Amino acid sequence: MVDGEVNRGITVKDPELMQLGKSIAEKLPESYGPLNVQVFYDANDHSIYVTDINPRFGGGYPLVHAAGGTFTDWLIQEALGKPLDIPKDNWIPNLLMRRYRENIFTVL
134 MVDGEVNRGI TVKDPELMQL GKSIAEKLPE SYGPLNVQVF YDANDHSIYV TDINPRFGGG
194 YPLVHAAGGT FTDWLIQEAL GKPLDIPKDN WIPNLLMRRY RENIFTVL
């Protein structure tokens with residue numbers, strides 16, 4: 134993270150993290166729409182520390198979308214009253230996203 138923005142991320146199919154997400158969703162039955170859950174995760178001892186739960190898309194959403202979690206499409210379908218067929222486990226694991234800053238100069 135740089136200046137509060139995600140600068141890299143990777144999708145990981147980790148059963149413990151997936152169960153945590155399911156557990157949080159079940160404990161917040163009145164929530165609607167996207168939830169951004171931020172955690173610190175130690176892969177060595179599998180400890181998970183939830184630091185934030187926010188009712189919005191997080192800064193890493195472009196990675197989620199590229200991996201197949203097209204939540205924005207599903208929200209539009211739902212708003213239009215169309216039936217939703219959301220695949221639960223049909224996303225790309227081990228997809229790496231990197232962001233970088235670049236100076237761009239233009240003569241006007």
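Our numbering puts the last residue of the sequence shown at 241; the count rises by one with no breaks. Glycine included, each C-beta is placed from N, C-alpha and C at the ideal position. Fair warning: this is a prediction, and the values are worked out from it, not measured in the lab.
- Comparing alpha carbon positions, the residue from Ile-225, Tyr-174, Gly-214 closest to Gly-201 is Ile-225.
- Inter-segment contact for the region 146-154 and the region 184-191 is absent: fewer than three beta-carbon pairs are separated by less than 8 Å.
- Around the beta carbon of Val-145, a 10 Å sphere encloses fewer than 16 other beta carbons of the protein chains shown; the residue is thus reported as exposed.
- With a threshold of 16 other beta carbon atoms within 10 Å, Val-197 meets it and is buried.
- Take Asn-227, set aside five residues on each side of it, and no residue of its chain has a beta-carbon closer than 6 Å to its own.
- In the three-state DSSP reduction, Phe-238 falls in the coil class, being neither helix nor strand.
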